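The next block holds one structure in the form of structure tokens; read it before the comments.
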Amino acid sequence: MNALLQWAANNRPFLFFIGRFLITFFGLSAIYAVYLMYVEKEGDLDMVTYWVSRGSHELARAMGVADCEWSCFLDGCYVGRPGRMVNILEGCNGLKLAIVYAAYVIGIGGWNWRSLLQMAVGLIVVQFFNVIRIGSLIALRDHGGDGYFFFLKYVFGVWIYGSVIVLWLLKPRIDRWLGKK
98 MNALLQWAAN NRPFLFFIGR FLITFFGLSA IYAVYLMYVE KEGDLDMVTY
148 WVSRGSHELA RAMGVADCEW SCFLDGCYVG RPGRMVNILE GCNGLKLAIV
198 YAAYVIGIGG WNWRSLLQMA VGLIVVQFFN VIRIGSLIAL RDHGGDGYFF
248 FLKYVFGVWI YGSVIVLWLL KPRIDRWLGK K
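Under our numbering, the first residue of the sequence shown is numbered 98, with each subsequent residue one higher.
Have a look at this one:
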């Protein structure tokens, strides 16, 4: 028992990080799940998926998908040309990944205004990367299908997780910019 208490005393910062991370992760995940149940009960589509699909539609049009269509239903949004539509589901919106980043930020820094600001920046950055990912996917699907499945399976997964790696690398700089020592 003394060995366990000694280990806990020696690893107190790590244990506080794990505790804050898990509480934040499960708390934000629960809030998100309740929100999804609410919008489903109301017969609506969640707004994050709506915004991501709209941004992806506009990006695909900017990338040359001239007759790109966009329509949203309860099961997600469909973007692309007829016969080559991409279905953007709730899981595609990147919010769960933003929740993981938010839990990391709170785990490291605790609940304070700097962490809340970094959570907001993280949400924006993840969604920005996500819109680029899905918009590019729509353009690839439109301009030729040879690379579509390769990019869908390998490249775009790395791309969205790369957004969190970029945020992790930028966190010390953001901390300095916000005046944290």
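Ideal placement from N, C-alpha and C gives every residue a C-beta, glycine not left out. Model, not experiment: these values are computed from the prediction.
Tell me the DSSP bridge mates of residue i?
i	result
Trp167	Val176
Asn184	Tyr175
Can you name, in chain order, every residue of its own chain whose Cβ lies under 8 angstroms from the Cβ of residue i, other than the five neighbours on each side?
i	result
Cys165	His154, Ala157, Arg158, Val176, Gly177, Arg178, Ile235, Asp239
Leu186	Thr146, Asp172, Gly173
Phe248	Ser233, Leu234, Leu237
Leu125	Ile196, Ala199, Ala200
Ala105	Leu112
What does a CB cutoff of less than 7 angstroms around residue i pick up in its chain, not counting 5 residues either side in sequence?
i	result
Val228	Val149, Gly152, Ser153, Leu156
Phe114	Gly204, Ile205
Shortest alpha-carbon distance to residue i belongs to which of the options?
i	options	result
Phe246	Asp143, Leu101, Val223, Arg181	Arg181
Gly77	Gly191, Val136, Ile271	For the chain, the structure presents residues 98 to 278; residue 77 sits outside this window and is missing.
Ile205	Phe170, Leu101, Thr121, Gln103	Thr121
Val202	Asn108, Met144, Leu119, Arg230	Leu119
Near residue i, what residues of its chain come up, given a Cβ to Cβ distance below 6 angstroms and the 5 sequence neighbours on each side ignored?
i	result
Met160	Ala236
Ser168	Tyr175
Give me the Cβ distance between residue i and residue j, rounded to the nearest whole Å; I'm assuming they're in contact under 8 angstroms.
i	j	result
Gly219	Leu264	5 angstroms
Ile271	Gln215	6 angstroms
Ile257	Leu194	6 angstroms
message: Quick test of the definition: if touching needs 3 or more C-beta pairs under 8 angstroms, does the segment 131 to 140 touch the segment 192 to 210?
response: Fewer than three Cβ pairs drawn from the segment 131 to 140 and the segment 192 to 210 lie within less than 8 angstroms of each other, which leaves the two stretches out of contact.
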